[in-house]
Structure formats: structure tokens, C-alpha cells
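> In the numbering used here, the protein residues as written are -12 to 218.
Right, dumping it as C-alpha cells:
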């Protein structure tokens, strides 16, 4: 048996007089998944256990046994913990989870001047200004939100500052006019530190989405610096 997916067949294209942008199908979320994997593969001998988790069905709520709401990651981590420690210990496993730091590498909306009314200009991301950090997600205010604590947020920003990574912050659309979520809430529920960090996108969920090349490059560097410097 096989799963058949019908998707737009347009090729990726450079956009702009200086070719600073890329238009393509499926930037959400391939444009974050790929640099996350490449950042991990760039490590020769990481000081800590590093994992790149690619989950399915995020757009419909992360359901199913391959989505972030499943026990897939927990089962993997339990097996890894048992192999490293010669057996399973519940308290040790819980401490392992509590000591875990995670970037939820998902795209976010970039300010679109054609639809300016759905974004707060003072609390949104812009193309060509670096990786976007989202301290919290949610809709209708913070309903259904994942809200990272300020200490963890500050530790990430310190890493970015020390490595000259440009970053910006913002929310997923103006309050009562937008909103959304990622997998961060489901992983935070386990007890780990999680924050959203990804590439700003124009026309998210459209057949042709647009991103900035420089944002993509610095997103890769941000993920790489996170792996190498987080404590």
C-alpha cells in the first residue's frame, strides 16, 4: 500500500531584483526541518545528547502515532535512556526530561503589507531581519499557548548575541485577528524547556510561500549555535 499526496508542481524560484527571496511550495515546515537536521549533522562530537525530532501531521493538530501528541518521542527517549544507563529508572528519566532544552523549529508569519490589519507592526517579524523567536504562541490572546519562561528565553538570546545571530520576536498574528500553535506545547507538557524559533514566511499555507535567503541562513546558524552552546 502507499499514501499518495497531490501537491503543487511549481519549481522553487528566486524572487526580487537582488534574488533575496525564495518562492516555493512547502516552506512550512521544510525550511526549518532541513536546517535543523543539517545543524545536528554538522556536529562531530557534541558534549550532550542531541536529537532532531521530525514529527508528522502538525497542521491538523499533531494527532496520530507519528504526531507530536503521540508517545513516539517518549518511547524513543526511554529506550535511549535505558541503553545509556544500563536500565530504566523512572526518577532518572524524569530528571533527564527536566534537563532537556528544545527549539521548536517551525515557521512563523512575516509582516505582509497587503494584509497589514492581521498583524501588530510592533509585535511581528519582517523578512530579512533574522530568525524569529516566539516566546509564546496561541490564539484569542494566549489560549492554547506554549509560553517559554524568561530565563530560558534569555539564555537563548545570550547565545545569539555571543555569535552575532540576528533575531527578532513577534506573535502569530494580532490578538483576536490571528493566532496559531506549534508542537512546542506538547513537548513542554513533558517538562522540558521549549521555545519556538524559525523562519518568517509570507503567504503561509498558500501553494507558493515566500522566505528570505538571509533569514534561512541565520536560522541554520542559530540552530547550530544552540546545539553547541546551550547549557
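Virtual Cβ for every residue (Gly too), placed ideally from N, Cα, C.
With a threshold of 6 Å on Cβ separation, who are the neighbours of residue 147 within its own chain once the five nearest residues in sequence on each side are excluded?
The count along the chain shown starts at 1 and reaches residue 147 at position 160. Only 154 meet the Cβ criterion.
> Within the same chain, show all residues whose beta-carbon is closer than 8 Å to that of residue 229, passing over the 5 residues directly before and after it, in chain order.
Since the first residue shown for the chain is -12 and the last is 218, residue 229 is missing from the structure and cannot be characterised.
> Please confirm whether residue 173 and residue 55 have their CB atoms less than 8 Å apart.
One-based indexing of the chain shown puts residue 173 at position 186. One-based indexing of the chain shown puts residue 55 at position 68. Yes; because the gap between Cβ atoms is below 8 Å, this pair is in contact.
> So the alpha helix (DSSP H) residue 38 belongs to, where does it begin and stop?
Here the question's residue 38 lines up with position 51 in the chain shown. First-last for residue 38: undefined, no H or E at that position.
> Below 8 Å, can you find three or more Cβ-Cβ pairs linking the stretch 94 to 107 to the stretch 130 to 148?
no
> CB-CB under 7 Å to residue 25, same chain, minus the five flanking residues each way: which ones, in chain order?
Locating residue 25 in the chain shown gives position 38, where the first residue counts as 1. Excluding residues within five positions, the ones whose Cβ falls inside 7 Å are 207.
> Below 8 Å on the Cβ atoms is my contact criterion, and I expect residue 105 with residue 161 to pass it. Report the Cβ-Cβ distance as a whole number of Å.
Locating residue 105 in the chain shown gives position 118, where the first residue counts as 1. Locating residue 161 in the chain shown gives position 174, where the first residue counts as 1. Contact flag correct, Cβ pair sits at about 6 Å.
> Evaluate residue 205 with the Cβ neighbour count: other Cβ atoms within 10 Å of its Cβ, from every protein chain shown; 16 or more gives buried, anything less gives exposed.
In the chain shown, the residue the question calls residue 205 occupies position 218. Residue 205 should be labelled buried.
> Taking only the alpha-carbon atoms, compute the straight-line gap between residue 168 and residue 31 and give it to the nearest angstrom.
In the chain shown, residue 168 corresponds to position 181, counting from 1. In the chain shown, residue 31 corresponds to position 44, counting from 1. Here the alpha carbon of residue 168 sits roughly 33 Å from the alpha carbon of residue 31.
> Relative to the C-alpha of residue 178, which candidate in 82, 151, 123 has its C-alpha closest?
By one-based count along the chain shown, residue 178 stands at place 191. If we check each option's Cα against that of residue 178, 82 comes out closest.
> For residue 206, which of helix, strand or coil comes out of DSSP?
Translated into the one-based positions of the chain shown, residue 206 becomes position 219. Residue 206: helix per DSSP, three-state reduction.
> Would you mind sorting residue 22 into buried or exposed? The rule is 16 or more other CB atoms within 10 Å of its CB.
Your numbering for residue 22 matches position 35 in the chain shown. The residue in question, residue 22, is buried, as its Cβ has 16 or more Cβ neighbours within 10 Å.
> So, at 7 Å on beta carbons, what are the nonlocal neighbours of residue 44 in its own chain, with the 5 sequence-adjacent residues on each side left out?
Sequence index remark: in the chain shown, residue 44 carries index 57 (1-based). Only 50, 51, 53, 54 meet the Cβ criterion.
> Once the 5 residues before and after residue 202 are set aside, which same chain residues still bring their CB inside 7 Å of it?
If you number the chain shown from 1, residue 202 lands on position 215. Cβ within range, chain order: 114, 115, 117, 118, 186, 187.
> On the three-state DSSP scale, how would you describe residue 21?
In the chain shown, the residue the question calls residue 21 occupies position 34. Residue state, collapsed to three classes: helix.
> Work out the CA separation of residue 156 and residue 39 for me, nearest whole Å.
To locate residue 39, count along the chain shown from 1; it is residue 52. To locate residue 156, count along the chain shown from 1; it is residue 169. Rounded to the nearest angstrom, the two C-alpha atoms are 23 Å apart.
> Buried or exposed, going by whether 16 or more other CB atoms sit within 10 Å of the CB of residue 8?
As a first step, residue 8 is located in the chain shown; it is residue number 21 there, counting from the start. Flag for residue 8 reads buried.
> Using three-state DSSP, classify residue 105 as helix, strand or coil.
For this step, residue 105 is matched to residue 118 along the chain shown. Of the three classes helix, strand and coil, the one that applies to residue 105 here is helix, per DSSP.
> Distance, Cα to Cα, residue 165 vs residue 36?
On the chain shown, position 178 is the one that residue 165 refers to. On the chain shown, position 49 is the one that residue 36 refers to. Spanning the two alpha carbons is a distance of roughly 36 Å.
> Which partner residues of residue 183 appear in the DSSP bridge assignment?
For the purposes of this step, residue 183 is identified with residue 196 of the chain shown, where counting begins at 1. Partner(s): 91, 121.
> Is the beta carbon of residue 12 sitting closer than 8 Å to the one on residue -3?
Locating residue 12 in the chain shown gives position 25, counting from the first residue. Locating residue -3 in the chain shown gives position 10, counting from the first residue. In contact: residue 12 and residue -3 (Cβ atoms closer than 8 Å).
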